[in-house]
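Just so you know, we're using the working numbering here: the sequence shown kicks off at 1262 and counts up by one.
Ideal Cβ positions, reconstructed from N, Cα and C, are used throughout, including at glycine.
Here the structure is a predicted model, which means the values were calculated and not measured.
Report on the following structure.
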Amino acid sequence: MRNKDSEMVLEYTNKRYIEDYIINNQKYLYRIAFSYVKNKDDALEIVQNTIYKALSFSKKIRDLNSIKPWITKILINSCFDFLNKRCKGIFNDELVDSVEDNNDSILDKIVLKYALDNLPLKLRTIVILRFFEDFKIKDISNILDMKENTVKTNLYKALKILKINLEEEGISV
């Protein structure tokens, strides 16, 4: 009986922590979902689905300090599931706006958006998580179920492609 009681307490604690995290990070979750589906209603549906999954599987999280990568993984997988079902485009203008370099011209941002849009999904996801959402390589590898060296290799490949594409458009990198 004690074991069952402690499991119930742990599940309750995890759910409360997850609920608090979601309340405090709802804009982050929405921004990520919207960056994939480019549609407000679809993004909200994905976030809702992510919240449901996170709360349903609250027993599975072992380290509450790793909640951000854990929920982000659920969110990205939900986005992939949605995109596979609906075959919609990926990326949005809000993500480009989140780049905080005030010296960039609007044209440079448009070219950057275009260059990112033309990356393969796997490479684009790594770039977004690393540079727009400030995830560490280790966290990205956990989120995408890849080895750290694979993430590094794909990140290098993505940056190389971006550099070539941006230089072709006359933007020095």
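Helix, strand or coil: how does DSSP classify residue 1302 here? In the three-state reduction of the DSSP assignment, residue 1302 falls in the helix class.
Residue 1429 lies in the alpha helix (DSSP H); which residues open and close that run? Looking at the DSSP string, the run of the alpha helix (DSSP H) that includes residue 1429 is 1409-1429.
Counting beta carbon pairs with one atom in the stretch 1410-1422 and one in the stretch 1376-1384, are three or more of them shorter than 8 angstroms? Touching, yes, given that three or more Cβ pairs across the two stretches are closer than 8 angstroms.
Going by the beta-carbon positions, is the gap between residue 1325 and residue 1376 smaller than 8 angstroms? A distance of 8 angstroms or more separates the beta carbons of residue 1325 and residue 1376.
Rounded to a whole number of angstroms, what is the C-alpha to C-alpha distance between residue 1401 and residue 1329? CA-CA distance, residue 1401 to residue 1329, rounds to 11 angstroms.
Taking the alpha helix (DSSP H) that residue 1384 falls in, what are its first and last residues? Residue 1384: member of the alpha helix (DSSP H) spanning 1382-1388, first to last residue.
Do you know whose CA, among 1310, 1295, 1306 and 1315, lies nearest residue 1277's CA? Distances from the alpha-carbon of residue 1277 to those of 1310, 1295, 1306 and 1315 put 1315 closest.
Whole angstroms is fine: what's the gap from residue 1345's alpha carbon to residue 1296's? Going from the Cα of residue 1345 to the Cα of residue 1296 covers about 15 angstroms.
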